[in-house]
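Here numbering that gives the first Met the number 0 is used: the first residue of the sequence shown is 0, the next is one more, and so on.
Cβ atoms here follow ideal geometry from the backbone N, Cα and C, with glycine treated the same way.
This one's a predicted model, so the numbers in the text were calculated from it and none came from an experiment.
In what follows, a single structure is set out as structure tokens and then discussed.
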Amino acid sequence: MSVSTSYVKFLRSCFNERLSPFLLSTFCMPVDKATSELIPKDHDDITLNLDISDQIRSKKVTAKDAMRAIKRRITHSNPNVQLLALSVNNNTIL
0 MSVSTSYVKF LRSCFNERLS PFLLSTFCMP VDKATSELIP KDHDDITLNL
50 DISDQIRSKK VTAKDAMRAI KRRITHSNPN VQLLALSVNN NTIL
């Protein structure tokens, strides 16, 4: 999976630190896809949420980095994105 340079710069600016391309391609992009502004209200993708949860539980990504990625979407200005991010967060906790 290829990660564009502008997307990498955007995510690094959001996290205020350097992130590895591996983390960006394997975790941040699925979180962004699961919490996209284009998803209609109350139509969260359970399979994508479970895939994100599996990545965290299999320790492919650290819990700290996972929470940063999800928190970035929880603080989004669009309330639908916030609700979808809370849904992702809920699925990773349970």
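Sub-8 Å separation of residue i and residue j beta-carbons
i   : j   : result
E36 : V80 : yes
V30 : I73 : no
F26 : A84 : no
I51 : A62 : no
Proximal residues to residue i (C-beta, below 7 Å), its chain only, five neighbours per side dropped
i   : result
N48 : A33, S86, V87, N90
D44 : A33
Contact set for residue i: own chain, Cβ-Cβ below 6 Å, skip 5 residues either direction
i   : result
I77 : First, the residue type needs correcting, since residue 77 is Asn and not Ile in the sequence shown. Cβ within range, chain order: E36.
P39 : none
List, from N- to C-terminal side, the alpha helix (DSSP H) runs of 4 residues or more that fit wholly inside the segment 39-63. 45-56
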